[in-house]
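For the protein sequence lines, the chains are L and Y, in the order given.
Each residue of the first sequence is one higher than the one before, starting from 205 at the first, in this note's numbering.
Each residue of the second sequence is one higher than the one before, starting from 205 at the first, in this note's numbering.
Quick reminder that beta carbons are idealized off the backbone N, C-alpha and C, glycines included.
Fair warning: this is a prediction, and the values are worked out from it, not measured in the lab.
Structure first, commentary second.
Protein chains: 2
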Amino acid sequence: MEYLDQDVSNCSVGRAVDLVGQPWVLLILREVTRGVRRFSDIQNHLGVSRSVLSTRLNGMVERGLLELRDYQEPGARRRSEYVLTAMGRDLYPLITALRQWGDKYLADPEGPSLLATHHACGAPVRVSLMCGEGHLLASGEEVDRRPGPAARPRL
Amino acid sequence: MEYLDQDVSNCSVGRAVDLVGQPWVLLILREVTRGVRRFSDIQNHLGVSRSVLSTRLNGMVERGLLELRDYQEPGARRRSEYVLTAMGRDLYPLITALRQWGDKYLADPEGPSLLATHHACGAPVRVSLMCGEGHLLASGEEVDRRPGPAARPRL
């Protein structure tokens, strides 16, 4: 079996893994994606100390995944919440891919604990592989790999 | 903003993160998905020691993601390679989601270093969000979350 023996140092998968491939990043993304946005709620859900969570959330703000936003509900004091940036929102397919795989292989016998459904029609939302011609790829369908414009030979 | 305040201990995202949410698991999956299957080639690409890689690959075999297969090319000695199990192959959308997000936000100015294309037609392969009714979801389109059959209230 041949593969593309190219330099992997500028591989997009590797760079994405550097930024979001830590368990705690993925779990914080899960929480914020589901609407858990206040520091105390995220802390409560993830069971980590204030100082650890603070460092992690600040790191995700620095990396451009989250931003801190002030808001005020009528009659309440001013509060802050963490919201996804556009870059963070674009990780929703990644979180969905994790959920879908977990639902298939790791869920309790009775099924998933959470369902994500299309707001417009109520049907369950899944990630699919699709090509630029609009073909849906079957599971395991063959994909070719070829060097992109930034491909470099291995040293 | 309201969210489902349910027990997250049986969340499929969390369980998937436990199994595959480590950088080294994701990078090994990337390699094997691309056809890099021999121990020495994976080691060479990832730049880790034999003992570390051996522990990691064994762990992925134990978790059911990879299996070790013997093969023999004509005139060559018998060798072993790591191949994805069905459970491992089902992580291809996850790896594609990482690549796609990395290509968008983290690629070199000239573009991606690798292109994945549909073998049947040659068009680029992407992950898309699609609902059970066959609607393609636009980026940021609203998704509802509701308790699944295994949902439990938070203690």
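At a Cβ-Cβ threshold of 7 angstroms, residue 352 of chain L and residue 315 of chain Y count as neighbours.
The straight-line gap separating the alpha-carbon atoms of residue 236 of chain L and residue 309 of chain L is approximately 24 angstroms.
Taking the beta carbon of residue 334 of chain Y as reference, the chain L residues within 7 angstroms of it are 330 and 332, listed in sequence order. Ranking Y:293, Y:278 and Y:274 by CA distance to the CA of residue 284 of chain Y puts Y:274 first. Residue nearest to residue 311 of chain Y within the set L:281, L:357, L:251 and L:215 is L:215 (criterion: CA-CA distance).
Not a single unbroken stretch of the beta strand (DSSP E) spanning 3 or more residues falls wholly within the segment 214 to 240 of chain L. Pairing residue 224 of chain Y with residue 230 of chain Y, the inter-Cα distance amounts to about 7 angstroms.
Among the CB atoms of chain L, none fall inside 7 angstroms of the CB of residue 357 of chain Y.
With respect to the C-alpha of residue 357 of chain Y, the residue from L:301, L:317, L:335 and L:342 having the closest C-alpha is L:317.
Taken in chain order, the members of the segment 301 to 321 of chain Y whose beta-carbon sits within less than 9 angstroms of a beta-carbon on chain L are 301, 302, 303, 304, 305, 306, 307, 308, 309, 310, 311, 312, 313, 314, 315, 316, 317, 318, 319, 320 and 321. For chain Y, the residues of the segment 231 to 265 of chain L that bring a beta carbon within less than 7 angstroms of one of its beta carbons are 231, 234, 238, 239, 240, 241 and 249, in chain order. For residue 298 of chain L, the nearest CB of chain Y lies under 7 angstroms from its own CB, placing it at the interface with that chain. Annotated as proximal: residue 328 of chain L and residue 321 of chain L, with beta-carbon spacing under 7 angstroms. For the segment 264 to 301 of chain Y, the continuous alpha helix (DSSP H) assignments of 4+ residues that do not extend past its boundaries occur at 290 to 293, in sequence order. In the three-state reduction of the DSSP assignment, residue 261 of chain L falls in the helix class, which pools H, G and I.
The beta-carbon of residue 327 of chain L is placed less than 7 angstroms from the nearest beta-carbon of chain Y. For residue 341 of chain Y, the chain L residues whose Cβ falls inside 7 angstroms of its Cβ are 322 and 329, in order along the chain. Under the three-state reduction of DSSP, residue 339 of chain L is assigned to coil, being neither helix nor strand. At a cut-off of 7 angstroms, the C-beta of residue 347 of chain Y has a neighbouring C-beta in chain L. Each residue's CA atom was taken as its position, placing residue 226 of chain L and residue 278 of chain Y some 42 angstroms apart. Between residue 288 of chain Y and residue 270 of chain Y, the beta carbon gap of about 6 angstroms places them in contact (Cβ cut-off 8 angstroms).
In this model, residue 295 of chain L and residue 305 of chain Y are separated by some 7 angstroms (Cα to Cα). At least 7 angstroms separates the CB of residue 280 of chain L from every CB of chain Y. Residue-level contact check: residue 283 of chain L does not touch chain Y, since none of the beta carbons of chain Y fall below 7 angstroms from its beta carbon. Chain Y has no Cβ within less than 7 angstroms of the Cβ of residue 267 of chain L.
With respect to chain L, the C-beta atom of residue 207 of chain Y has a partner C-beta closer than 7 angstroms.
Under DSSP, residue 210 of chain Y forms a beta bridge with Y:357. If you ignore the 5 residues before and after residue 282 of chain Y, its C-beta comes within less than 8 angstroms of the C-beta of 274, 275 and 276, all in its own chain and listed in chain order. Rounded to the nearest whole angstrom, the CA to CA distance from residue 290 of chain Y to residue 349 of chain Y is 28 angstroms.
Counting along the chain, the unbroken beta strand (DSSP E) around residue 348 of chain Y starts and ends at 347 to 351. Exposed is the label assigned to residue 342 of chain Y, since fewer than 16 other Cβ atoms lie within 10 Å of its Cβ.
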